[in-house]
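If you read the sequence shown in the UniProt record's numbering, its first letter stands for residue 1, the second for the next number, and so on. Shown next, in structure tokens, is the structure this report addresses.
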Amino acid sequence: MTMEKSSNPKAANGDEETPADVVRALLSQLQIYEDTVGELEAAHEEQLRKATRAQGDAVAQSTRAVENQLAYRFGLQLVRAFKNPLRMFVLPYTLAREWIAYRRHRIELKSEPTEPSIGEANSERPQTAFSLDIARNLDVEKLAQLNEKRLLTLTTEATQIGDLRLAVKLAATRWFKTGTDGAAHALRRKRGQLIELAPDWLPPLPKQPSVEADPHKIFHIFKTIYPLDLNGHAVRNRSIATHQKEMGLEPIISVAPTRISDELAIDRATRDGIFTVDNDGVETWFCHFQNMPRKKIPRDTLLTFDTKLLAHICARVNPSIIHAASGFRGFDNALKGIALSKSRGIPFVYEVRSFHEHKWTDFFEGILNAPHTQLRAAQENRCMAEADAIVTISDAMAEDLVGFGVPAGKISIIPNSVDERFLKTASNSVTQEFKERWKLDGHQVIGCISNISKREGHQILCDAFARLHARHSETRLLIVGDGPVRTELEQHVSELRLGGSVIFTGTIDYEEVLAAYSSIDIFVDPRIPDCTSDYVSPMTAIEAMAMRAPVIMSDHPVFRELIGAEERGLFFKTGDSESLHGVMEQILQDPIAASRRAEQARRWVEQQRRWSTNVKLYNDVYAAAREHHEQAACQI
Numbered sequence: 001m002t003m004e005k006s007s008n009p010k011a012a013n014g015d016e017e018t019p020a021d022v023v024r025a026l027l028s029q030l031q032i033y034e035d036t037v038g039e040l041e042a043a044h045e046e047q048l049r050k051a052t053r054a055q056g057d058a059v060a061q062s063t064r065a066v067e068n069q070l071a072y073r074f075g076l077q078l079v080r081a082f083k084n085p086l087r088m089f090v091l092p093y094t095l096a097r098e099w100i101a102y103r104r105h106r107i108e109l110k111s112e113p114t115e116p117s118i119g120e121a122n123s124e125r126p127q128t129a130f131s132l133d134i135a136r137n138l139d140v141e142k143l144a145q146l147n148e149k150r151l152l153t154l155t156t157e158a159t160q161i162g163d164l165r166l167a168v169k170l171a172a173t174r175w176f177k178t179g180t181d182g183a184a185h186a187l188r189r190k191r192g193q194l195i196e197l198a199p200d201w202l203p204p205l206p207k208q209p210s211v212e213a214d215p216h217k218i219f220h221i222f223k224t225i226y227p228l229d230l231n232g233h234a235v236r237n238r239s240i241a242t243h244q245k246e247m248g249l250e251p252i253i254s255v256a257p258t259r260i261s262d263e264l265a266i267d268r269a270t271r272d273g274i275f276t277v278d279n280d281g282v283e284t285w286f287c288h289f290q291n292m293p294r295k296k297i298p299r300d301t302l303l304t305f306d307t308k309l310l311a312h313i314c315a316r317v318n319p320s321i322i323h324a325a326s327g328f329r330g331f332d333n334a335l336k337g338i339a340l341s342k343s344r345g346i347p348f349v350y351e352v353r354s355f356h357e358h359k360w361t362d363f364f365e366g367i368l369n370a371p372h373t374q375l376r377a378a379q380e381n382r383c384m385a386e387a388d389a390i391v392t393i394s395d396a397m398a399e400d401l402v403g404f405g406v407p408a409g410k411i412s413i414i415p416n417s418v419d420e421r422f423l424k425t426a427s428n429s430v431t432q433e434f435k436e437r438w439k440l441d442g443h444q445v446i447g448c449i450s451n452i453s454k455r456e457g458h459q460i461l462c463d464a465f466a467r468l469h470a471r472h473s474e475t476r477l478l479i480v481g482d483g484p485v486r487t488e489l490e491q492h493v494s495e496l497r498l499g500g501s502v503i504f505t506g507t508i509d510y511e512e513v514l515a516a517y518s519s520i521d522i523f524v525d526p527r528i529p530d531c532t533s534d535y536v537s538p539m540t541a542i543e544a545m546a547m548r549a550p551v552i553m554s555d556h557p558v559f560r561e562l563i564g565a566e567e568r569g570l571f572f573k574t575g576d577s578e579s580l581h582g583v584m585e586q587i588l589q590d591p592i593a594a595s596r597r598a599e600q601a602r603r604w605v606e607q608q609r610r611w612s613t614n615v616k617l618y619n620d621v622y623a624a625a626r627e628h629h630e631q632a633a634c635q636i
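Spelled out as structure tokens, the structure:
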């Protein structure tokens, strides 16, 4: 699957609207709403005040009329009682009845709204069935005829399909219609999202005086690191830092705000702020604000806040290079890095590890062409254009980056690799203990180690294993890891009636990973089609190859970089459980050939995928970044 990005988002082709034009138009449109809605509100509220005063006068007149009527009716009842003495016995009840009626009417008058809000002014207007296509062609005043619930529904639908232009208009309409704080905050969050995507915006930082930086200090902006997480990003980040330390550099790591270990959270539960810890000899900075409602704060505000925290850290450590890896939205860490680079006048290296443009919602057909996706792609391109050097992790990604307009000479490929411990033999006693704990001893084990998410393809693996287990009852399926669809996957396994033949370990300690690999007879990576899995080489597959486990992988382009023309492993057709079952059967039927491929895979990892060797490539990257930065400075 190929991401459809504009190779030059800042250039327009004739009358064609570019992503940059869209963002500017959206921001301009939103500013018009913010400037004019206040005037509209003021005029409307003045009309309401006039109506309220008139209503108040009418209520007062009505009250006086009722009071006068009460006095008249009391007098009438008294006159009747004097004329007919028999009425004297029921006079108290008659007067009480008149008084109750009077009080009830007064309460009804008081219950009338005295200061109706904008949202209540037209609340009785009929709701009509609007589609998004119709809504796009209506102005705010026409859309305001819809009730708030319908506006919220349309806003959600527009957001889900990535139509930011319509989502902004609907959010502005809701604010205009209701005037509530909630609507105002929702509109401000939309504006923050647009600002973040604007082609010329950066988190604002003042220009710092030029100081001589320490050439050995590299400031890394990471979203996570081991042991906070056990995923590929976290493990790669730790490996880069520790091996850079070993070769004489001084890496300083900053981790995304709110990312903090359980131990630190307990120790500093009553303290918010910036602090540093030693992570295997690497200085690691945390920004911990446990009560900050980050999801409720506009993104531009958050990015600015985060960047100012990083600027404070940089002032303390005085690095010579800013090195940012892909963030939660891809470009978010890059925007921080560019702002810091410009503020301090030092080079910026951007490590592009994945394509995040479509990750703003669950995948749907057409998401790659959605306006939101295209705007994020344009911002990603902008960040790469402003970087002094680009690092990526696979040949497949590098080829696509060149296709997006990044000069090939600006890109360095530093692939996922393994630490030396994966090239050592695992302890027999630890492995045996692991097998006994999970009841694997004496069984042939099919294994997968990864986060349990939909794109990892665990359901395909379980379906294939069900076929295999029907013929080979002694086999077991070991699934190591945890994730958002684990419960769903366990239910699927139950429906397949595999019982105790499928073992879920959950997250295991990183120190146990060697025992897990040593317990696996066939390692499977069943990833399904996805823009991430198509280009990102899995860390766990390389670790399995280093541990001499026969590997089976879905036939993604990036996997071919790992196992070549099946001389280091075998492919199956992506998303096809029957194909996977056939390949597993092939390995069971010919274990000698499988062992031969596994040995070749081990030698390949030793030669090409060792961090102790590949981390040295960063020296060339940093040298190129410094040279590019100096040349750019001379041209200003």
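By construction, the Cβ of each residue, glycine as well, lies at the ideal position given by its N, Cα and C atoms. Keep in mind it's a predicted model, so treat the numbers as computed, not measured.
- In the structure shown, Tyr350 falls within a strand segment according to DSSP collapsed to helix, strand and coil.
- Sixteen is the threshold: since fewer than 16 other Cβ atoms of the shown chains lie within 10 Å of the Cβ of Asp441, the residue is exposed.
- Under the DSSP definition of a beta bridge, Pro251 partners with Ile218.
- In terms of Cα proximity to Ala389, the closest of Leu132, Pro227, Ile338 and Val418 is Ile338.
- In the three-state scheme derived from DSSP, where H, G and I count as helix and E and B as strand, His443 is classed as coil.
- By the criterion of a C-beta distance shorter than 6 Å, Arg626 is surrounded in its chain by Pro347, once the five residues flanking it on both sides are discounted.
- Exposure of Met247 is indicated by the presence of fewer than 16 other C-beta atoms within 10 angstroms of its C-beta.
- Between Gly330 and Glu250, the C-beta gap is not smaller than 8 Å, which leaves the two residues out of contact.
- If only complete runs of 4 or more residues are kept, the segment 562-634 shows the alpha helix (DSSP H) at 577-589, 591-608 and 611-614, in order along the chain.
- By the Cβ criterion, the segment 466-474 is not in contact with the segment 530-539, since fewer than three pairs of Cβ atoms, one from each stretch, lie closer than 8 Å.
- For Ala144 and Ser354, the gap between their C-alpha atoms comes out near 41 Å.
- A contact is defined here as three or more CB-CB pairs under 8 Å, and the segment 397-413 fails this definition with respect to the segment 427-446.
- Residue burial is scored here from C-beta neighbours: Gln374 has at least 16 other C-beta atoms within 10 angstroms and is therefore classed as buried.
- A straight-line Cα-Cα distance of about 50 Å links Cys314 and Ser595.
- Each residue's CA atom was taken as its position, placing Asp214 and Asn619 some 15 Å apart.
- The beta carbons of Ala183 and Val140 sit no closer together than 8 Å.
- The segment 541-555 and the segment 593-609 touch, with three or more beta-carbon pairs separated by less than 8 Å.
- In terms of CA proximity to Ile413, Thr392 leads the group His185, Phe404, Ser427 and Thr392.
- With fewer than 16 neighbouring CB atoms inside 10 Å of its own CB, Ala565 falls in the exposed class.
- Val402 and Glu578 have their C-alpha atoms some 36 Å from each other.
- By the Cβ test, the segment 621-635 is not in contact with the segment 478-486, since fewer than three Cβ pairs between them sit closer than 8 Å.
- When DSSP states are grouped into helix, strand and coil, Val558 belongs to the helix group.
- By the neighbour-count criterion, in which 16 or more other beta carbons inside 10 Å mark a residue as buried, Phe364 falls on the exposed side.
- A check of alpha carbon separations from Asp576 across Thr505, His185 and Ala464 identifies Ala464 as the nearest.
- In the DSSP assignment, His312 falls within the unbroken alpha helix (DSSP H) covering Arg299 to Val317.
- In this structure, the beta-carbon distance from Tyr226 to Tyr510 falls below 8 Å.
- If you ignore the 5 residues before and after Ser453, its C-beta comes within less than 7 Å of the C-beta of Gly483, Pro484 and Val485, all in its own chain and listed in chain order.
- Exclusion of the five residues before and after His443 leaves Glu474, Thr475 and Arg476 as the residues of its chain whose Cβ lies within less than 8 Å of its Cβ.
- Phe572 is classed as buried because its beta carbon has at least 16 other beta carbons within 10 Å across all chains shown.
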